[in-house]
Amino acid sequence: MPTLTKIAWIKPGMATNQRKIADYILEHPEKIVTLSSQQLAEIMGVSQSAIVKFSQKIGFKGFLL
Numbered sequence: 001m002p003t004l005t006k007i008a009w010i011k012p013g014m015a016t017n018q019r020k021i022a023d024y025i026l027e028h029p030e031k032i033v034t035l036s037s038q039q040l041a042e043i044m045g046v047s048q049s050a051i052v053k054f055s056q057k058i059g060f061k062g063f064l065l
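To convert, note that position 22 of the sequence shown is 22 in UniProt numbering; the numbers rise steadily by one, no gaps.
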């Protein structure tokens, strides 16, 4: 399953912070590939660990490009 499809599919069951991250990724997929987890966290107003945990929730080992 493509990553964006997977995010959209599991988003309804996510916690509020995770849905916020999912929404940003779904709305701006082209920006994600250029950002570090720290940069994304700053843009989103969440912790870097929230970004990493989100990445793990969708099946990655962490936030790596």
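Backbone N, C-alpha and C fix where the C-beta goes; we use that ideal spot for every residue, glycine too.
Under 9 Å between C-beta atoms of residue i and residue j
i: F63; j: L40; result: yes
i: S37; j: I51; result: yes
i: D23; j: K31; result: no
First and last residue of the uninterrupted alpha helix (DSSP H) at residue i
i: A8; result: T3 to I10
i: K61; result: Counting along the chain, K61 falls outside any alpha helix (DSSP H), and DSSP gives it neither H nor E.
i: L35; result: Where L35 is concerned, there is no enclosing alpha helix (DSSP H), given that its DSSP letter is neither H nor E.
i: A15; result: Run containing A15: none; DSSP gives neither H nor E here.
Option nearest residue i by Cα separation, candidates the options
i: F54; options: K31, L35, M14 and P2; result: M14
i: N17; options: K61, K31 and Q48; result: Q48
i: V46; options: I7, T3 and R19; result: R19
Inter-residue CB distance, residue i and residue j (contact presumed, cutoff 8 Å)
i: M44; j: I21; result: 6 Å
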